[in-house]
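>
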Amino acid sequence: MSAFWLMHAKEWKESLRSYRLIWLPVVFLILGISQPLTMYYMEDLLQAAGGLPEGAVFSMPEPSAGEVIASVQGQFNQIGVLVLVLAFMGQLSGERKAQTDTMILARPVSWGSFAAAKGVHVMGMAAFCYGLGTGAAVYYTSVLYGTVPFHDAISAAGLFLLWLLLVSSLLLLFQVLFASGTAAGFVTIASALLLSLGSSFFAERLPFLPGRLSSVSSQLWMQQPVEGLLGTVLSGAGLSIGLFFCAVYLFHRRSPA
Amino acid sequence: MELLDTFNMQLLLPLLLLDFVLKLSALIACVRQEMTKEKRALWIIIIVFINFLGPILYFLIGRRNA
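Residue numbers (this note's numbering), protein chains in the order written: chain U, 1 to 257; chain E, 258 to 323.
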């Protein structure tokens, strides 16, 4: 276990050294701030960008606070997840390329803890970045539009966080399965898309699929009623824990001893 | 700048600051990374002139072989 924490600390150091610890949170913060701002100043921005033709009437319903944060979350789900996966897809293959993995794994470090530390680090970074970005978005929305009930905000954020953990577990598993980091990243994005597509196809019949996590979270932000919440949470948590330990086990099995 | 007057500067300032931090960290990383003169010049142009996406592109692609 102490080897795991050592490896985990090493991952944070590596993220600091490669500037990830600085630029990833900044990207999430910029996404979280700029979305409410552009939505609020949409009319002025359109005017400045050449304006509407003479006589055109521009009217948009004032979005509620929840809708604004849900649209921020849409940004996190697209750009945020993409950037996270692209930033971390080279974790294992990068070590293999620099051959630092042989240097580390020649020591009495369990292969399992080596892989687990990498997975937990991605989850920690995802939680950190998402927390900062959503905090900024909630603050800006509260200034420009209004507030979302605290209880809804916490549960909606928790659901999306679970979705991010699921994507992190997928990334770890595919990093173990594929030698190339690019392939791992691509398959992670593709399978995350498939998961959410599949769950929206079967939304009626199978309302507990884990791919629903991000859309259910948006519904909670908008304070719409959600059915089958418990099943979604349980299947999401189960799947991400299962994938994580599957990845760690598969990597551990490669160890010579 | 008529447009700027319509914005609330107190709201906009953090965004500008974050953008500056992103650009600055990318520039520092780029200057400290070992690469040919031409490549470095190209990346610096990308980082400075492409807002938001430039630094991200550098961090994701430019540091691949670092």
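Glycine is no exception: its CB is placed at the ideal position from the N, C-alpha and C atoms.
Which of the three DSSP states, helix, strand or coil, is assigned to Val167 of chain U?
helix
> Considering only their Cβ atoms, is the gap separating Phe76 of chain U from Tyr140 of chain U smaller than 8 Å?
Phe76 of chain U sits away from Tyr140 of chain U, with the two beta carbons spaced by 8 Å or more.
> Return the CA-CA distance between Ser214 of chain U and Lys296 of chain E, expressed in angstroms with no decimal places.
40 Å
> Quick check: what's the CA-CA separation for Val81 of chain U versus Gly50 of chain U?
33 Å
> What residues of chain E sit near Tyr19 of chain U, judged by a beta carbon separation below 7 Å?
What Tyr19 of chain U touches in chain E, judged by beta-carbon distance under 7 Å, is Ser282, Ala286, Phe316, going in chain order.
> For a contact defined as C-beta to C-beta under 7 Å, what are the partners of Ile313 of chain E on chain U?
Counting only Cβ-Cβ distances below 7 Å, Ile313 of chain E has contacts in chain U at Val27, Val83, in chain order.
> Relative to chain E, which residues along the stretch 65-90 of chain U have a C-beta separation below 7 Å, given in chain order?
Val83, Leu86, Ala87
> Listing by chain order, which chain E residues have their CB less than 8 Å from the CB of Leu37 of chain U?
Leu268, Leu269, Leu272
> Answer with buried or exposed for Thr100 of chain U, where buried requires no fewer than 16 other C-beta atoms within 10 angstroms of its C-beta.
exposed
> Taking C-beta pairs closer than 9 Å, name the residues in chain U that Arg320 of chain E reaches, listed in chain order.
Here the neighbours are Ser18, Tyr19.
> Can you pull the chain U neighbours of Val278 of chain E, defined as C-beta to C-beta under 8 Å?
Ile22, Val26
> Hey, how far is the Cα of Val27 of chain U from the Cα of Gly185 of chain U?
Looking at the two C-alpha atoms, the distance is approximately 19 Å.
> For Phe309 of chain E, go through chain U and note every residue whose CB falls closer than 7 Å to its CB, in chain order.
Ile30
> Would you check if there are 3 or more beta carbon pairs closer than 8 Å linking the stretch 263-273 of chain E to the stretch 189-196 of chain U?
No: fewer than three Cβ pairs fall under 8 Å.
> If you count every other CB in all the chains shown that lies within 10 Å of the CB of Pro53 of chain U, and 16 or more means buried, which is it?
exposed
> Taking Leu275 of chain E as the query, report the chain U residues whose CB atoms sit under 8 Å from its CB, ordered along the chain.
Val26, Leu29, Ile30, Ile33
> Run the CB neighbour count on Lys13 of chain U, radius 10 Å, all protein chains shown included, and call it buried at 16 or more, exposed below.
exposed
> Is the CB of Val143 of chain U under 8 Å away from at least one CB in chain E?
Yes, because at least one Cβ of chain E sits closer than 8 Å to the Cβ of Val143 of chain U.
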